[in-house]
Amino acid sequence: LQPAEARYEVQRIMTEGAGVLRSAESLRAAAAALEDLYAKALTALETDGKTAVPGVETWEATNLLCVARVLVAAALRREETRGCHWREDHPDRDDAAWRRHLVVRLSATERRALVVTPTDSAGFPSVQHPLSQEQSS
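Counting with the working numbering, you get residues 316 to 452 for the letters of the sequence shown.
Structure follows, in structure tokens:
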């Protein structure tokens with residue numbers, strides 16, 4: 316799996332399944348495609364081994380794949396429309412349920428699995444931009 320090929324695949328998967336307009340179905344398809352790509356990358360690493368000095372393209376492709384997996388996992392968990400991210404299957408904003416951050420971690424017990432946990436919104440108070448306070452005085 317070459318870095319340019321992996322990068323193209325991540326871009327294609329994310330555009331098709333996790334773009335601005337998304338649904339549970341499109342996000343599940345994107346998650347499955349990203350997991351397949353991740354498995355191919357791990358297989359290539361186990362088969363071919365690491366290169367002595369990975370190039371910039373390799374690091375970028377690895378990071379893009381990692382961020383794409385996290386984004387899709389969090390977007391799938393967040394069942395609402397917020398900001399410019401539109402969920403066709405959940406068209407309304409739901410502050411009562413979703414005005415919070417999501418923390419995404421690698422599972423300690425399952426290889427490659429992501430664990431998405433909503434935070435308590437009280438732990439992340441609203442932050443006013445400093446200029447908005449100056450303008451109101």
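All C-beta atoms in this analysis are idealised placements derived from N, C-alpha and C, irrespective of residue type, glycine included. Keep in mind the model is a prediction, meaning the values are calculated, not measured.
Exercise. From the DSSP output, which residues share a beta bridge with His416?
Worked result: The partner list for His416 (beta bridge, DSSP) is empty, contrary to what the question assumes.
For this session: Keeping to the same chain, check which residues put their C-beta closer than 6 Å to that of Thr330; ignore five residues upstream and five downstream.
Result: Contacts found: none.
For this session: Please go through the stretch 318 to 393 and give each complete alpha helix (DSSP H) segment of 4 or more residues, from N-terminal end onward.
Result: The stretch 318 to 393 contains these whole alpha helix (DSSP H) runs: 318 to 332, 339 to 363 and 371 to 392.
Problem set entry | Identity of the residues DSSP links to Leu316 by a beta bridge | Per DSSP, none; premise fails for Leu316.
Exercise. Would Ala259 be called buried (16 or more neighbouring beta carbons within 10 Å of its own) or exposed?
Worked result: Nothing about residue 259 can be reported from this structure: the residues present for the chain run from 316 to 452 only.
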